[in-house]
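Its first residue numbered 1, the sequence shown is counted upward by one per residue in full-length UniProt numbering. No residue lacks a Cβ here, since even glycine has one placed at the ideal position from N, Cα and C. In this text, all values refer to a predicted model and were calculated from it rather than measured experimentally. Working notes, structure below.
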Amino acid sequence: MSNPQDDEVREKTKERRKQVLDAAANCFRKEGFHGCSIAKISKAAGMSPGHIYYHFANKEAIVEALVAQQEHTLLELVNDIAAAPPDEALVDSLTRQTERMIEHHTSLDFVGLWLEIVAEAARNPSVAKLLQLSHKNIAAQFDEQLIKRSNTSNAEEFRKLSGKMDIIALIFSGLSQHVVTRANEDKIDYKRLSETINGVIKHLFKT
1 MSNPQDDEVR EKTKERRKQV LDAAANCFRK EGFHGCSIAK ISKAAGMSPG
51 HIYYHFANKE AIVEALVAQQ EHTLLELVND IAAAPPDEAL VDSLTRQTER
101 MIEHHTSLDF VGLWLEIVAE AARNPSVAKL LQLSHKNIAA QFDEQLIKRS
151 NTSNAEEFRK LSGKMDIIAL IFSGLSQHVV TRANEDKIDY KRLSETINGV
201 IKHLFKT
């Protein structure tokens with residue numbers, strides 16, 4: 001049986017960490033990784049630098065937590081696919097998630113933060129390693145579900161299936177850049193975009 005006081009402390013710690021992460025994410029979006037200091041994050045979060053360092057050792061630790069948030073979002077997708085009815089085809093499980101994935105990858109809050117983290121990863125090996133480890137974890141769990149849902153034990157067939165999933169992942173990740181490059185044009189037609197992507201996914205699973 002958990003101690004109510006311990007539960008309260010954990011909840012407050014969770015809230016404080018979220019407060020820091022929200023402030024840091026907003027700062028990174030506006031000023032970039034290097035333009036955003038711990039002092040600026042603490043001011044935006046409404047707490048002292050000491051409180052920031054109590055929860056996070058440095059900016060890279062904050063980035064690590066932000067990457068973990070993104071990983072959690074994508075793992076929710078994996079869990080939804082895992083929870084699909086046993087008789088539902090894999091392609092149907094995937095296309096059912098398309099609108100949700102489009103909304104996530106075209107959200108300006110996500111795009112502004114994620115592109116900044118990716119840019120920092122290109123300069124900073126430590127941040128690059130964080131992204132690589134996160135990608136590896138997501139891919140491993142996705143592959144586990146692919147094996148279960150595809151009902152194949154053939155290595156060559158699985159390799160082809162995994163390659164198709166890589167193409168789908170590239171489509172969604174490319175949406176973030178698409179949002180930036182057409183920011184001043186008409187609003188994205190989400191319905192048409194969803195239909196187009198689903199058409200590509202269905203075509204991939206026919207080959």
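Within 10 angstroms of its Cβ, does Glu120 collect 16 or more other Cβ (buried), or is it exposed?
-> Locating residue 120 in the sequence shown gives position 120, where the first residue counts as 1. The residue in question, Glu120, is buried, as its Cβ has 16 or more Cβ neighbours within 10 Å.
Hey, out of Gln69, Arg29, His178 and Ala83, whose CA is closest to Gln145's CA?
-> Start at 1 with the first residue of the sequence shown, and residue 145 comes out as number 145. Comparing Cα-Cα distances from Gln145 to each of Gln69, Arg29, His178 and Ala83, the minimum goes to Ala83.
6 Å CB neighbourhood of Leu204 in its chain, flanking five on each side removed = Numbered from 1 along the sequence shown, position 204 holds the residue referred to as residue 204. Hits under 6 Å: Lys164.
Tell me, to the nearest whole angstrom, how far the beta carbon of Ile147 is from that of Ile201; I am working on the premise that it is less than 8 Å.
-> If you number the sequence shown from 1, residue 147 lands on position 147. If you number the sequence shown from 1, residue 201 lands on position 201. Not a contact, Cβ separation roughly 19 Å.
Apart from the five residues on each side of it in sequence, which residues of its chain come closer than 8 Å, Cβ to Cβ, to Leu21?
-> Numbered from its first residue, the sequence shown carries residue 21 at position 21. Ile62, Ala65, Leu66 and Gln69, listed in sequence order.
Enumerate in chain order the residues of its own chain whose CB-to-CB distance from Gly112 is below 6 Å, with the five nearest sequence positions on each side excluded.
-> Along the sequence shown, one-based indexing puts residue 112 at 112. Around Gly112: Arg29.
Other residues of its chain near Cys27: CB distance less than 6 Å, five sequence neighbours each side excluded = Working through the sequence shown from its first residue, we reach residue 27 at position 27. Result list for Cys27: Cys36, Lys40, Ile41 and Ala44, in chain order.
Using a Cβ-Cβ cut-off of 6 Å (strictly less than) and excluding sequence neighbours within five positions of Ile38, which residues of its own chain qualify?
-> If you number the sequence shown from 1, residue 38 lands on position 38. Counting only Cβ-Cβ distances below 6 Å, and skipping sequence neighbours, we find Pro49 and Ile52.
Do Asn198 and Thr98 come within 8 Å of each other at the CB atom, strictly closer than that value?
-> In the sequence shown, residue 98 corresponds to position 98, counting from 1. In the sequence shown, residue 198 corresponds to position 198, counting from 1. In this structure, Asn198 lies closer than 8 Å to Thr98 by Cβ.
Could you tell me the distance, in whole angstroms, from the CA atom of Gln19 to the CA atom of Ala128?
-> Numbered from its first residue, the sequence shown carries residue 19 at position 19. Numbered from its first residue, the sequence shown carries residue 128 at position 128. So the alpha carbons of these two residues sit roughly 25 Å apart.
Roughly how many angstroms lie between the CA atoms of Glu88 and Ser153, to the nearest whole one?
-> Here residue 88 is taken as the residue at index 88 of the sequence shown, counted from 1. Here residue 153 is taken as the residue at index 153 of the sequence shown, counted from 1. In a straight line, the C-alpha of Glu88 is about 19 Å away from that of Ser153.
Which of the three DSSP states, helix, strand or coil, is assigned to Asn58?
-> Locating residue 58 in the sequence shown gives position 58, counting from the first residue. Asn58: coil per DSSP, three-state reduction.
Nearest-angstrom Cα distance between Thr196 and His178?
-> Here residue 196 corresponds to residue number 196 of the sequence shown, with the count starting at 1. Here residue 178 corresponds to residue number 178 of the sequence shown, with the count starting at 1. Those two C-alpha atoms are separated by around 15 Å.
At which residues does the alpha helix (DSSP H) containing Lys43 begin and terminate?
-> The residue labelled residue 43 in the question sits at position 43 within the sequence shown. Counted as a single uninterrupted DSSP element, the alpha helix (DSSP H) harbouring Lys43 occupies residues Ile38 to Ala45.
Per-residue burial, Glu116 [other beta carbons within 10 Å of its own, 16 or more giving buried] | Position 116 of the sequence shown holds residue 116. Label assigned to Glu116: buried.
From this set, Leu108, Glu11 and Leu130, which residue's C-alpha is nearest Ile188's C-alpha?
-> Position 188 of the sequence shown, counted from the start, is the residue given in the question as residue 188. Among Leu108, Glu11 and Leu130, the Cα nearest to that of Ile188 is on Leu108.
Figure out for me which residue from His135, Arg149 and Gln141 has the closest Cα to the Cα of Ser173.
-> Translated into the one-based positions of the sequence shown, residue 173 becomes position 173. Looking at the Cα atoms, His135 is the closest of the given residues.
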